[in-house]
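S.K.: I am attaching a structure below and will ask some questions about it afterwards.
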Amino acid sequence: EADIYQTPRYLVIGTGKKITLECSQTMGHDKMYWYQQDPGMELHLIHYSYGVNSTEKGDLSSESTVSRIRTEHFPLTLESARPSHTSQYLCASSEGSNQPQHFGDGTRLSIL
Amino acid sequence: GEDVEQSLFLSVREGDSSVINCTYTDSSSTYLYWYKQEPGAGLQLLTYIFSNMDMKQDQRLTVLLNKKDKHLSLRIADTQTGDSAIYFCAERMGSNYQLIWGAGTKLIIKP
Chain A
1 EADIYQTPRY LVIGTGKKIT LECSQTMGHD KMYWYQQDPG MELHLIHYSY GVNSTEKGDL
61 SSESTVSRIR TEHFPLTLES ARPSHTSQYL CASSEGSNQP QHFGDGTRLS IL
Chain B
1 GEDVEQSLFL SVREGDSSVI NCTYTDSSST YLYWYKQEPG AGLQLLTYIF SNMDMKQDQR
61 LTVLLNKKDK HLSLRIADTQ TGDSAIYFCA ERMGSNYQLI WGAGTKLIIK P
């Protein structure tokens with residue numbers, strides 16, 4: 001079973017606040033991903049990383065930023081939250097080219 | 001561009017078999033995946049199949065791949081209430097680590 005953890009699980013916060021969503025994995029996977037998903041809808045890739053100090057933007061434009069200073073940690077930051085950022089954010093990781101992505105439980109974010 | 005399509009809903013009776021279908025457009029797909037998402041949770045990997053395989057079976061789950069028609073299906077035998085979830089199909093092309101996702105099929109179980 002995959003060991004990938006996201007915190008917080010739920011966050012309700014006011015407009016204009018700075019937010020950091022945490023994602024950690026203990027499997028030593030090089031590849032990590034952030035997806036944005038509205039409830040019951042398809043996944044949209046917003047950021048990915050192929051290793052330490054490597055970050056790329058995904059298919060869906062996002063005002064968030066990410067960093068990858070350590071292999072196990074891939075935090076996502078919103079400098080100034082807005083109601084349009086309300087969504088579920090899913091983090092995933094994968095090992096090599098033949099391995100599937102494993103997901104955390106997600107952070108459900110609500111911006112008031 | 002690349003596309004993965006799924007029906008949005010499937011309704012089956014408890015105890016029957018469920019068959020969830022997925023079509024994709026890119027013939028260079030290497031791996032195809034099925035994930036399950038329960039309400040408010042992340043995605044759980046159910047099974048995956050390499051593109052040179054036609055079928056894979058794992059307990060109640062059977063995956064069938066028709067490469068000619070670019071069609072993938074997931075059969076769940078003896079469907080239970082615990083199978084109620086959204087099922088996502090995804091494909092990976094070549095050595096690209098990113099996945100192309102379907103919109104998900106919501107499986108509804110009738111008593």
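Residue numbers (the working numbering), protein chains in the order written: chain A, 1 to 112; chain B, 1 to 111.
The C-beta atom is built at its ideal place from N, Cα and C for all residues, glycine as well.
1) Give the residues of chain B in contact with H102(A), contact being defined as C-beta atoms less than 7 Å apart.
2) Under 8 Å between beta-carbons, which chain B residues line up against M41(A)? List them in chain order, please.
3) Just verifying my parser: in three-state terms, what is the DSSP assignment at G82(B)?
4) Counting pairs of Cβ atoms below 8 Å between the region 79–95 of chain B and the region 25–37 of chain B, do you hit three or more?
5) Using a Cβ cut-off of 8 Å, pull out every chain B residue sitting near L90(A), in sequence order please.
6) Under 7 Å between C-beta atoms, does G106(A) make it to chain B?
7) Can at least three beta-carbon pairs, one atom from the region 26–37 of chain A and one from the region 47–59 of chain A, be found at a separation below 8 Å?
8) Using the C-alpha atoms, what's the distance from G102(B) back to D54(B)?
9) Can you have a look at A77(B) and say buried or exposed, based on whether 16 or more other CB atoms are within 10 angstroms of its CB?
10) When the Cβ atoms of the region 65–78 of chain A are set against those of the region 15–34 of chain A, are three or more pairs found closer than 8 Å?
11) Return no unless some Cβ of chain B is closer than 7 Å to the Cβ of K31(A).
12) Measure the C-alpha to C-alpha separation of Y10(A) and E22(A) and round it to an integer number of angstroms.
13) Using a Cβ-Cβ distance cut-off of 7 Å, determine whether Y33(B) contacts chain A.
14) Take the Cβ of V52(A) as the centre, count every other Cβ of all protein chains shown within 10 Å, and call the residue buried at 16 or more, exposed below.
15) Relative to the alpha-carbon of Y97(B), which residue among K17(A), L78(A), H47(A), M41(A) has its alpha-carbon at the smallest distance?
16) Can you tell me which of the three DSSP states H73(A) falls into?
17) Could you check which residue in S93(A), G16(A), I111(A), L112(A) has the C-alpha nearest to that of T26(A)?
18) Roughly how far, in whole angstroms, is the beta-carbon of T79(B) from the beta-carbon of S18(B), given that I think they are within contact range, below 8 Å?
19) Check each residue of the region 45–69 of chain A: if its Cβ is closer than 9 Å to any Cβ of chain B, include it; give the result in chain order.
20) Report buried or exposed for T25(B), applying the criterion of at least 16 other Cβ atoms within 10 angstroms of its Cβ.
21) From the DSSP output, in three-state form, read off S110(A) for me.
M.R.: Taking the definition as stated:
1) L45
2) A103, G104
3) It is helical.
4) yes
5) G42, L43
6) yes
7) yes
8) Their backbone Cα atoms lie some 20 Å apart in a straight line.
9) It is exposed - the Cβ of A77(B) has fewer than 16 other Cβ atoms within 10 Å.
10) yes
11) yes
12) 12 Å
13) yes
14) exposed
15) H47(A)
16) strand
17) Distances from the alpha-carbon of T26(A) to those of S93(A), G16(A), I111(A), L112(A) put S93(A) closest.
18) 5 Å
19) L45, Y48, Y50, G58, D59
20) exposed
21) strand
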